[in-house]
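Worksheet: one structure, shown below.
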Amino acid sequence: MRIVFRIVKKTAETKNVFNAVRKMVLSSGLPFEPAKVNANWPRLSYGPAPALGQRAEREYLDIYLQNRVAADEVRAALAKAAPNGLEIVSVRRVPYPLPSVQNLAAAARYRLQGDFTALENGRKLEDFVRQARVEVTRRAVNGLSCVTDVKPFIVSAETAAPDEAVLTLAGVQGKWVKPEWILAAWLGLEVPAEEEAFAVDGVTVTRECLLWRDSEGLFHPI
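Using this note's numbering, the letters of the sequence shown map in sequence onto residues 559 to 780.
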């Protein structure tokens with residue numbers, strides 16, 4: 559079963575999301591298939607998780623069940639066992655051979671919110687990413703800087719409102735870049751060596767959804 563959920567409120571119970579969803583499944587009474595590493599735990603496939611500092615409207619969890627259970631029954635059982643702050647968005651059955659979301663995800667769509675009229679300095683984000691190269695400068699641990707062209711990762715960008723932009727980024731050969739890198743390139747900022755905690759002041763990043771790519775190269779929400 560493919561579960562889509564979201565964390566609506568950070569609590570002590572949802573601080574570690576994987577532990578929270580595992581406990582939820584254990585408490586649900588569902589006939590889960592045991593994990594290979596520990597027969598007392600359910601077999602789950604969680605993720606990809608949002609990056610540090612990002613919000614997510616949709617997070618993903620695949621649950622493997624030993625018996626057939628209707629999707630509405632699974633949803634009811636999980637909703638009852640869900641920790642405070644976790645909301646079930648949808649539940650649907652997917653064929654067993656279908657790749658996990660971790661393997662299916664080919665791109666991610668992000669919503670960026672901030673005062674872009676103050677940030678853009680006359681260059682709209684969608685115009686900036688149309689350049690042949692989109693270079694981000696990163697500071698290495700040894701203090702040296704390196705320049706990376708992130709253009710291959712950019713699928714699209716659109717300024718939906720003066721204070722909101724939508725950015726879609728694809729994975730390339732198993733690698734991903736954070737939307738904060740694109741913002742840094744756009745604003746002429748350098749990404750520090752401690753890049754996991756890097757954020758652009760005044761801008762919040764929300765991962766709206768992950769996307770899969772069909773045989774014609776078109777992207778669809780998971």
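Note that beta-carbon positions come from the ideal geometry of N, C-alpha and C, so glycine has one too. Keep in mind it's a predicted model, so treat the numbers as computed, not measured.
Limits of the unbroken beta strand (DSSP E) element including residue i
i	result
L799	Missing from the structure shown is residue 799; the chain here goes from 559 to 780 and no further.
E537	Nothing can be reported for residue 537: it is not among the residues displayed for the chain, which extend from 559 to 780.
F777	F777 to P779
C741	Looking at the sequence itself, residue 741 is Leu, so the reference to Cys does not match. Run containing L741: none in the beta strand (DSSP E); it sits in the alpha helix (DSSP H), P737 to L745.
L610	Run containing L610: none; DSSP gives neither H nor E here.
7 Å Cβ cutoff met for residue i and residue j
i	j	result
Y668	V763	yes
A723	L683	yes
V659	A743	no
P606	F590	no
F711	V687	no
P641	A690	no
V699	A751	yes
A639	V713	no
V647	R633	no
L623	F563	no
A614	R771	no
V748	T675	The residue you asked about is not Val; residue 748 is Glu in the sequence shown. Contact: no.
A635	G701	no
D620	D673	no
L768	A663	yes
A728	G611	no
L670	V761	yes
L725	A718	no
Beta-bridge pairing of residue i - partner residues as DSSP gives them
i	result
R560	D620 and R650
V749	R696
F590	L623
A527	Missing from the structure shown is residue 527; the chain here goes from 559 to 780 and no further.
P606	DSSP lists no partner for P606.
K733	V730
A719	E722
Enclosing alpha helix (DSSP H) for residue i [first to last residue]
i	result
E631	A629 to A639
F725	In the sequence under discussion, the amino acid at residue 725 is Leu, which differs from the Phe named in the question. That residue, L725, is in no alpha helix (DSSP H); its beta strand (DSSP E) goes E722 to A728.
L584	V575 to S586
Fill in: beta strand (DSSP E) runs wholly inside the region 671-715, at least 3 long, in chain order
Complete beta strand (DSSP E) runs here, min 3: 693-697 and 703-707.
Worksheet item: Within the chosen definition, does the region 698-708 reach the region 734-748 through at least 3 CB pairs nearer than 8 Å?
Response: Counting Cβ pairs under 8 Å, three or more are found: they touch.
Worksheet item: Can at least three beta-carbon pairs, one atom from the region 574-593 and one from the region 650-658, be found at a separation below 8 Å?
Response: Between the region 574-593 and the region 650-658 there are fewer than three C-beta pairs closer than 8 Å, too few to call the two in contact.
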